[in-house]
Structures are given as structure tokens and as C-alpha cells.
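K.L.:
Using full-length UniProt numbering, you'd call the opening residue of the sequence shown number 1 and step up by one each time. All C-beta atoms in this analysis are idealised placements derived from N, C-alpha and C, irrespective of residue type, glycine included. Bear in mind the structure is a predicted one, so any value in this text is a computation, not a measurement. Below: one structure in C-alpha cells.
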Amino acid sequence: MRFAAIADIHGNHAALQAVLEDIAALGIRDIVNLGDCFSGPLEAGHTADLLLLLDMNAVQTVRGNHDRYLLETPPETMGRSDAHAHALLAPRHFEWLRKLRKTMIWREEVFLCHATPLQDDVYWLDTVSGEGRVGLRPQPEIEHLAEGMEQSLILCGHSHMPRVVTLSDGRMIVNPGSVGCPAYHDDEPVPHDVENGHPLACYAILEKTGRGWAPQFRTVAYDHMVASRLAAGAGRGDWASALATGRMR
């Protein structure tokens, strides 16, 4: 079994297109998408049109927390990134979002979720200190969140940071990183920045071998300055910096 995992596109159509081209060039047809598809000051509508087309061709998607916000939050009370995306989405896009499941077992061996199995807005493999430092979550806490799951491979997103953690029983948890947002600021659970340090689009290839799962993280170059200028034009200097450099200004 060999397939690609993408996550956290956040409306970055150009990054998604580049990643899909890279996946196709590798001869991979099956893709799983771990959510947070549209939220951001970029091109939610174009991104949605592309994902709706792909959904008909072996792409399985689960719902992210920002996908949920787009459905459940009144537009007048949305955050800026969600509100920008909401204004660009058509009824068919919202109908597609409504059909997404929170979690999914894919091909009996792979568990898909956006963040954790029970919560779509909590980091699984990462933790934030009281001072706002982001680091690897302690192994016992990671293991606790995986209790009762039988699948040998577990995929999650949300933190935008590529990571792989092997559990004590041999199961593996992989975060493929973010296709479209290499850095961001969040206020929960305390104010903190997530920074990948580069502007490249990220995803992962998962292959099952005779020795178990072998994840391969890939980075893809695209015209990230076009995306950065889009964000700047929308009044989002924070996103403009993140897309240009992979760091918060």
C-alpha cells in the first residue's frame, strides 16, 4: 500500500496544485486529506473547486476544526481567516463540507483525524508550554490519546508540523505537515507561534513495507510570493510573512 497524505491547505490553491502535481509525478493515485481546507486570506473558492473535483477520484477527506467553524459559526462572529474564506465559498462547497466525517478508518489499516480522535482543535503530537514554546508531547500523553485504536497507522494534522511518533506497541502516528500554511500564531492554550522556517508546501507519502510503515516527508516549491501578496492585499501581514518565510513577523 502506498498513498499520499495532505493536511491544512487553508485556501492556498497554488500550494495545493503544486503538491498534487508532485504526487501525480510519483505515480501515486490515492490521497487522504486531513482537513482545514479553506480557512485563510487566500483563494478558498478555487481551492474548494479543485478539492470537489478530486473528491471524485480516490481522495478521502476528514473535517478539520476550521471546516467546522465555517459551518457552525455565524459569519459576523467568525475570525478573520474563516470570514474571508466563508465569503468566497459557494453553496456547493458548504454542502461538500457538511458531508465530511470527523474521523475515518481508511482501508481498515489507517485511522484519519484532523487533530485527535475526540477533539478537532487539540494538538496530538505537540504541546505548548506556559511560556508559549512548542515541542514534542511526552510519550505517555501521546499513547493515552491512542488508546483503543487498532489501526497500525494513525494520521493527524492541525499543528502544521511534520512529525512521526512510534508507539510502544509498534503503531505509528504521522502528521504530514501543512500544504498551505507554514507558520501561524494561535492564542490557545496560551499565545504561541508555530514556525516551520521555510515557505515550502509539505505533505507525506506513506508506504507499507515488509518492515512496517515507512513515511516519507516531502516539501514542494511553488510561487509562494504570489500567495504572500494575496494575504498582504487582504490586510493580513501575519499571513504574508508566514507564506513568504515560514516564520511569523
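Can you find a C-beta in chain D that's less than 7 Å from the C-beta of VAL110?
P.N.:
You won't find chain D in this structure, because it holds only one protein chain.
K.L.:
Just the C-alpha distance for ALA234 and HIS10, rounded to the nearest angstrom, thanks.
P.N.:
15 Å
K.L.:
Run through DSSP, which three-state label would ALA90 get?
P.N.:
Per DSSP, reduced to three states, the secondary structure at ALA90 is coil, with no helix or strand assignment.
K.L.:
In this structure, how does DSSP classify ASN175 when only helix, strand and coil are distinguished?
P.N.:
strand
K.L.:
Based on Cα-Cα distance, which residue from ARG236, ALA240, THR103, LEU206 lies nearest to HIS84?
P.N.:
ARG236
K.L.:
Measure the alpha-carbon distance for ILE23 versus SER129 and round it to whole angstroms.
P.N.:
36 Å
K.L.:
Which ranges would you report for the beta strand (DSSP E) in the region 102-132 if only whole runs of at least 3 residues count?
P.N.:
103-106, 110-113, 126-128
K.L.:
Would you kindly report the start and end of the unbroken alpha helix (DSSP H) that includes ARG190?
P.N.:
Checking the displayed sequence, the identity of residue 190 turns out to be Val instead of Arg. Segment: none, VAL190 is in no alpha helix (DSSP H) and carries neither H nor E.
K.L.:
Rounded to the nearest angstrom, how far is the Cβ of ARG133 from that of ASP126, given a contact under 8 Å?
P.N.:
Incorrect: roughly 10 Å between the Cβ atoms, too far for contact.
K.L.:
Here's the rule: buried if 16 or more other CB atoms are within 10 angstroms of the residue's CB, otherwise exposed. What is ASP169?
P.N.:
exposed
K.L.:
So what does DSSP say about GLU72, is it helix, strand or coil?
P.N.:
helix
K.L.:
Using the three-state DSSP reduction, which class does GLU150 fall into: helix, strand or coil?
P.N.:
coil
K.L.:
For GLU108 and VAL59, what's the separation of their Cα atoms in angstroms?
P.N.:
16 Å
K.L.:
Counting pairs of Cβ atoms below 8 Å between the region 89-101 and the region 137-155, do you hit three or more?
P.N.:
no
K.L.:
With a CB to CB cut of under 8 Å and the five nearest residues on each side skipped, what residues in its chain are close to ILE142?
P.N.:
TRP124, LEU125, VAL165, LEU167, ILE173
K.L.:
Among ASN12, PHE3, ASP30, which one has its Cα closest to the Cα of residue 299?
P.N.:
Only positions 1 to 249 of the chain appear in the structure, and residue 299 is not among them; the question remains open.
K.L.:
Measure the C-alpha to C-alpha separation of ALA244 and MET78 and round it to an integer number of angstroms.
P.N.:
25 Å
K.L.:
Below 8 Å on the Cβ atoms is my guess for SER178 versus ASP67; work out the distance and round it to an integer in Å.
P.N.:
Going by Cβ atoms, the distance from SER178 to ASP67 rounds to 14 Å, so no, they are not a contact pair.
K.L.:
Terminal residues of the continuous alpha helix (DSSP H) containing ALA201?
P.N.:
Per DSSP, ALA201 lies in no alpha helix (DSSP H) segment; the continuous beta strand (DSSP E) that holds it begins and ends at 201-209.
K.L.:
Rounding to the nearest angstrom, what Cα-Cα distance links GLY210 and MET1 in this structure?
P.N.:
Those two C-alpha atoms are separated by around 11 Å.
K.L.:
Going by beta-carbon coordinates alone, are VAL32 and HIS114 separated by less than 7 Å?
P.N.:
no
K.L.:
Taking the continuous alpha helix (DSSP H) assigned at ILE142, which residues delimit it?
P.N.:
139-145
K.L.:
Report buried or exposed for TRP144, applying the criterion of at least 16 other Cβ atoms within 10 angstroms of its Cβ.
P.N.:
The sequence as given places His at residue 144; Trp does not occur at that position. Classification for HIS144: exposed.
K.L.:
What residue does the beta strand (DSSP E) around GLY246 start on, and which one ends it?
P.N.:
GLY246 -> no beta strand (DSSP E), and no H or E assigned at all.
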